[in-house]
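Mapping to full-length UniProt numbering: the sequence shown position 3 is 3, numbers consecutive.
Heads up, the beta-carbon is just placed ideally off N, CA and C, and yes, glycines get one too.
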Amino acid sequence: MLCLRIMKDMRHYLEDLRQNYPEEFVKISEPVSHEYEITAVWKMFERKGNPVLFFEKVHGYDMPVVANIFGSRARVARMIGSDVWNFYDKWLERTRAGVEPEYVSTGPVKEVKYFSNDVDLSILPALKFFVEDGGRYITAGIVVANHPETGEVNLSYARLMVKDRNKLGVSIHSRGNLWRYFNRAIELGRPWLNVAVIIGCHPTLYLAAATRTTDEYKLAGALCSEPVKLVKCETNEVYVPYNAEIVLEGRILTNVYEDEGPFSEYTGYVSGRSTRNVMAIDCITHRMNPIFQTIIPTNSSEHLLLGGLPMQANVYKKLKESIPEVRSINFPVWGTHLVAILSVDKEWKEGVQIRAAMLLMGANPYVKYVILVDDDIDVFDEMQVLWAVATRSQPDRCIHLFPITDGNMLDPSQEKAGFTSRAVIDATSPPHWKNAQVNVPSLPRDVVEKVQKMFK
């Protein structure tokens, strides 16, 4: 199992992946355009195992582009030394206590520096992914900001559209900690909020940045069992990984707003929703021969797994703490955060499965469909799940509807944005099975193990 226990960088990760899982690493030597062609290549490989894609040559740019690092659930699980079935438990085990970052004076990210009039975002092969996109986007940018009063550090994601040589259009519509910091800067009368944008770093840092928390540097260190090494920016007090590929240093302006978008969002639809913020870029630093990382947007596996798995681990924790009968949970990629499959052991407590579903919907407002199954069903095997729905549920008594509540703003099926109804499909074994002979065919365990050894 590939387990990156040492906090190295993206380059080491890619090399380890290439050596240990060559089928998951595809190098494209043919030159491609930054407009649409990388998306088209990803679309083709999405049906062929969703490997990491390394584009050696992009027309008009000196930097190679890497995409789809988070495109596989198994690959993401290995990043923290786990497998698909134990990801949430491993995440919770690793993150019980944070690991403080280590501060250093310099690092590879300082090898090349551009200031003032030399700052030019056009050196970056930012992509236009789809025809409907409002422009070229930096999608693998982790935004680092400090609370303007307390200094609390937060890492998060925002839409970043290239608008000029030193200007990005920004949308902070997730309304997380960055939004809170920005609005506090406005309340304090500050003209801007200092930030940095990290492009290309160790994968666990990307996973940490996807959580709804603060001190993500400590969280990333916990995931890797080693401190993240940080270096101070050149033009502000923000700290960034010393071995990042590229860092943009800038300011989100508190009194300037411009149009941004539209963009292809994770539900698989184009959205024009935007907070219309502007980021002025004061400095660019990068490694020698940097690699430009991008995250495939829309409802790609990469977008949904990176954005979902870390937050879902926290939902799993809440469920297990309240209802020990919960066994496993899966937010399938095709459900775009709106569907969850939950397995529950209800042998000794009929009805506990409905309570678990209600708690899940309360803990994660994005979910509008919960499919409940017994613990003999693998929640990651969707054929098994659909078989359970088909053979263990009756529509008149197993589909439970819940009235309109607040929900996901990006769900296009809503009549009123941000408000949704919900449904629970109870595909657990019906109560009358306890007194009936309803059996599933089985094989002797020793025979199964023997055959598995034969065909290893």
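Under the DSSP assignment, Trp387 falls in the alpha helix (DSSP H) whose first and last residues are 382-392. Tyr114 places its beta carbon less than 8 Å from that of Ile284. For Tyr369, DSSP records a beta bridge to Val339, Ala423. Following the DSSP letters along the chain, one finds Gly362 inside the alpha helix (DSSP H) bounded by residues 352-363. For Met279, the number of other beta carbons within 10 angstroms of its own is at least 16, and it is reported as buried.
Looking at the DSSP output, Ala280 shares a beta bridge with Lys167, Arg251. By the criterion of at least three beta-carbon pairs nearer than 8 Å, the stretch 181-192 is not in contact with the stretch 229-237. At a cut-off of 4 residues, the continuous stretches assigned as alpha helix (DSSP H) that sit fully inside the stretch 41-112 are 73-79, 87-94. Look at Gln312 here: in three-state DSSP terms it is helix.
Following the DSSP letters along the chain, one finds Gly221 inside the alpha helix (DSSP H) bounded by residues 216-224. In this chain, the beta strand (DSSP E) harbouring Ala145 covers 141-146. Between the stretch 146-164 and the stretch 319-333, the count of C-beta pairs closer than 8 Å stays below three; the two stretches do not touch.
Pairing Lys90 with Ile80, the inter-Cα distance amounts to about 7 Å.
Scanning its chain for C-beta atoms nearer than 6 Å, with the 5 sequence neighbours on each side dropped, one finds around Thr298 the residues Ser264, Gly268, in chain order.
Across the structure, Pro444 and Gln452 are spaced so that their CA atoms are roughly 13 Å apart.
Here Thr204 carries a helix assignment [DSSP, helix/strand/coil]. Judged by DSSP in its simplified three-state form, Thr39 adopts helix.
According to the DSSP assignment, Phe331 belongs to no alpha helix (DSSP H), since it is labelled neither H nor E. A contact is defined here as three or more CB-CB pairs under 8 Å, and the stretch 161-173 meets this definition with respect to the stretch 118-137. Going by DSSP, Gln293 is part of no alpha helix (DSSP H) but of the beta strand (DSSP E) stretching over 292-294. Apart from sequence neighbours up to five positions away, the residues of its chain that approach Phe25 with a beta-carbon distance below 8 Å are Leu14, Leu17, Arg18, Pro51, Val52, Phe54, ordered along the chain. A distance below 8 Å separates the beta carbons of Asn243 and Pro108. Here Lys346 is buried: its Cβ has 16 or more other Cβ atoms, across all protein chains shown, within 10 Å. Three or more beta-carbon pairs separated by less than 8 Å are not found between the stretch 86-105 and the stretch 30-47, which leaves the two stretches without contact. Of the residues Phe292, Ser413, Phe70, the one whose Cα lies closest to the Cα of Leu309 is Phe70. In the structure shown, Ala126 falls within a coil segment according to DSSP collapsed to helix, strand and coil.
The Cβ atoms of Phe292 and Val32 lie no closer than 8 Å to each other. By the Cβ rule, the stretch 218-229 does not count as touching the stretch 138-152, because fewer than three pairs are nearer than 8 Å.
Around His59, the same chain offers Pro31, Ser33 as residues with beta carbons nearer than 6 Å, after the five sequence neighbours per side are excluded. Under the DSSP definition of a beta bridge, His34 lacks any partner. Assignment of Lys453 by DSSP, reduced to helix, strand and coil, places it in the helix class.
When beta bridges are read from the DSSP output, Lys232 appears opposite Tyr239. Taken atom to atom, the span from the alpha-carbon of Ser421 to that of Gly362 is near 13 Å. Per DSSP, the unbroken beta strand (DSSP E) holding Asp406 starts and ends at 399-406.
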